[in-house]
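Participant: I'd like to ask you about the structure that follows.
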Amino acid sequence: MQEKNENLEQSSNYNTAADIFIKRLQTGIITVNIVTNDAENYSLQKASESFDALLKKDEIKSLIIKN
Amino acid sequence: MQISYDFLLEEFTEEKLKNRFIFIVQKAELWINHCFRQLQLQNPENYLTVNHDLVGEIIVDYFTDIYRMKKFHPIKKSNAIKVASYTAYWVARKKPIQIKINQFSDDIIKKSWLIYINESFAMMLLFAMAFDQTKSPIVNDLEKFNTFSDSLRYHLIYRTYSQQTFELTLMALQSEFPYPMLNHNNS
Numbered sequence: 001m002q003e004k005n006e007n008l009e010q011s012s013n014y015n016t017a018a019d020i021f022i023k024r025l026q027t028g029i030i031t032v033n034i035v036t037n038d039a040e041n042y043s044l045q046k047a048s049e050s051f052d053a054l055l056k057k058d059e060i061k062s063l064i065i066k067n
Numbered sequence: 001m002q003i004s005y006d007f008l009l010e011e012f013t014e015e016k017l018k019n020r021f022i023f024i025v026q027k028a029e030l031w032i033n034h035c036f037r038q039l040q041l042q043n044p045e046n047y048l049t050v051n052h053d054l055v056g057e058i059i060v061d062y063f064t065d066i067y068r069m070k071k072f073h074p075i076k077k078s079n080a081i082k083v084a085s086y087t088a089y090w091v092a093r094k095k096p097i098q099i100k101i102n103q104f105s106d107d108i109i110k111k112s113w114l115i116y117i118n119e120s121f122a123m124m125l126l127f128a129m130a131f132d133q134t135k136s137p138i139v140n141d142l143e144k145f146n147t148f149s150d151s152l153r154y155h156l157i158y159r160t161y162s163q164q165t166f167e168l169t170l171m172a173l174q175s176e177f178p179y180p181m182l183n184h185n186n187s
């Protein structure tokens, strides 16, 4: 294991690349892309009314009865 | 090793978790009764039950997902698409509606999707929690929706899905692609 670490340290190219990577992390050059997600106050009451309304609709018949 | 989920109470409040639990149980019972009415069957309580332990598992996994997401992404509150997707996903995975009998009749198997009632319940939640079903349809032709609905059920029964694929599905339903599909029948 120790030998392996020494080999890693001897490789200056890798060290330089790793330093650049760490610097980019520190300076905020590397960022993560996130999808937007607008915060909202989700209303369970509205969801409940919506569910009850959906029960009355014809289009959900195919969820129960086979064609 | 086991970890306690009591942090959810602190993060989301007892009231919120309780309300969500009651919501799932009530809507599952409503869905069972509705299916039985549609199929002209009686005494659903003899055939199906909503397992409260599994509903508890749904609530824990749902809010843990939201907790992790909020820790990683700069999100204060979930939007409707996330709420619907994550709820429907865990319902489809945990299957809180349990069948109490060994076999339904030939007629029920032949004519209905009753043995896949958890999948249809998950779809109901997906459609009702993201879209306002108290409003009239905004398109007249519901044929495409029915085709989609059939495909989604197939997907839930036979394919691999995730919270994120549900999210993408809802986002696709919400968006309107600016161009028509390629028509291969006419030049």
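Protein chains in written order, with this note's numbering: chain P, 1 to 67; chain H, 1 to 187.
Cβ coordinates follow ideal geometry from the N, Cα and C atoms, glycine included.
Taking only beta-carbon positions, decide if residue 14 of chain P is within less than 8 Å of chain H.
Facilitator: The count along the first sequence starts at 1 and reaches residue 14 of chain P at position 14. Chain H, which has no Cβ nearer than 8 Å to the Cβ of residue 14 of chain P, makes this no.
Participant: Assuming contact is defined by CB atoms lying nearer than 8 Å, are residue 100 of chain H and residue 46 of chain H in contact in what I supplied?
Facilitator: As a working note, residue 100 of chain H is residue 100 in the second sequence. As a working note, residue 46 of chain H is residue 46 in the second sequence. Yes.
Participant: Does the distance from the C-beta atom of residue 123 of chain H to that of residue 149 of chain H stay below 8 Å?
Facilitator: If you number the second sequence from 1, residue 123 of chain H lands on position 123. If you number the second sequence from 1, residue 149 of chain H lands on position 149. Their beta carbons are under 8 Å apart, which means residue 123 of chain H touches residue 149 of chain H by this criterion.
Participant: Between residue 167 of chain H and residue 78 of chain H, is the Cβ-Cβ spacing less than 8 Å?
Facilitator: Taking the second sequence and counting its residues from 1, the one referred to as residue 167 of chain H is at position 167. Taking the second sequence and counting its residues from 1, the one referred to as residue 78 of chain H is at position 78. No; because the gap between Cβ atoms is not below 8 Å, this pair is not in contact.
Participant: Does the beta carbon of residue 134 of chain H come closer than 8 Å to any beta carbon on chain P?
Facilitator: Taking the first residue of the second sequence as position 1, residue 134 of chain H is located at position 134. True, the Cβ-Cβ gap to chain P drops below 8 Å.
Participant: Where does the unbroken beta strand (DSSP E) through residue 22 of chain P begin, and where does it stop?
Facilitator: Position 22 of the first sequence, counted from the first residue, corresponds to residue 22 of chain P. Careful: residue 22 of chain P lies outside any beta strand (DSSP E), inside the alpha helix (DSSP H) at 12-27.
Participant: Identify every residue that forms a DSSP beta bridge with residue 65 of chain P.
Facilitator: Within the first sequence, numbered from 1, the residue matching residue 65 of chain P stands at position 65. DSSP output for residue 65 of chain P lists H:112 as bridge partner(s).
Participant: Would you say residue 91 of chain H and residue 58 of chain H are within 8 Å of each other, going by their C-beta atoms?
Facilitator: Locating residue 91 of chain H in the second sequence gives position 91, counting from the first residue. Locating residue 58 of chain H in the second sequence gives position 58, counting from the first residue. Contact: yes.
Participant: Evaluate contact between the stretch 116-135 of chain H and the stretch 44-55 of chain P, counting only Cβ atoms and requiring at least three cross-stretch pairs below 8 Å.
Facilitator: With three or more CB-CB distances shorter than 8 Å, the stretch 116-135 of chain H counts as touching the stretch 44-55 of chain P.
Participant: Strictly by DSSP, which residues pair up with residue 50 of chain H?
Facilitator: Against the second sequence, residue 50 of chain H aligns to sequence position 50. Residue 50 of chain H pairs with H:97.
Participant: State the CB to CB distance for the pair residue 189 of chain H and residue 29 of chain H, rounded to an integer number of angstroms; the pair is presumed to be in contact (CB under 8 Å).
Facilitator: The structure shown does not extend to residue 189 of chain H, since chain H is modelled only from 1 through 187, so no value can be given for it.
Participant: Closest to residue 87 of chain H by C-alpha separation, out of H:41, H:54, H:173, would be which residue?
Facilitator: In the second sequence, counting from the first residue as 1, residue 87 of chain H sits at position 87. Residue 87 of chain H has its Cα closest to that of H:54, out of H:41, H:54, H:173.
Participant: Give the secondary structure of residue 181 of chain H by DSSP, where H, G and I count as helix, E and B as strand, and everything else as coil.
Facilitator: Along the second sequence, one-based indexing puts residue 181 of chain H at 181. Reduced to three states, the DSSP call for residue 181 of chain H is coil.
Participant: Which same chain residues, not among the five before or five after residue 24 of chain P, have their C-beta less than 7 Å away from its C-beta?
Facilitator: Here residue 24 of chain P is taken as the residue at index 24 of the first sequence, counted from 1. Once the five neighbours on either side are set aside, the close Cβ partners of residue 24 of chain P are 30.
Participant: From the beta carbon of residue 144 of chain H, is the nearest beta carbon of chain P less than 8 Å away?
Facilitator: As a first step, residue 144 of chain H must be located in the second sequence, where it is residue number 144. Closer than 8 Å to the CB of residue 144 of chain H there is not a single CB belonging to chain P.
Participant: Return yes when the Cβ of residue 153 of chain H is within less than 8 Å of the Cβ of residue 119 of chain H, no when it is not.
Facilitator: Taking the first residue of the second sequence as position 1, residue 119 of chain H is located at position 119. Taking the first residue of the second sequence as position 1, residue 153 of chain H is located at position 153. A contact, by the Cβ cut-off of 8 Å.
Participant: Buried or exposed: where does residue 74 of chain H fall if 16 or more other Cβ atoms within 10 Å of its Cβ makes it buried?
Facilitator: Walking along the second sequence from the start, residue 74 of chain H turns up at place 74. Under this definition residue 74 of chain H is an exposed residue.
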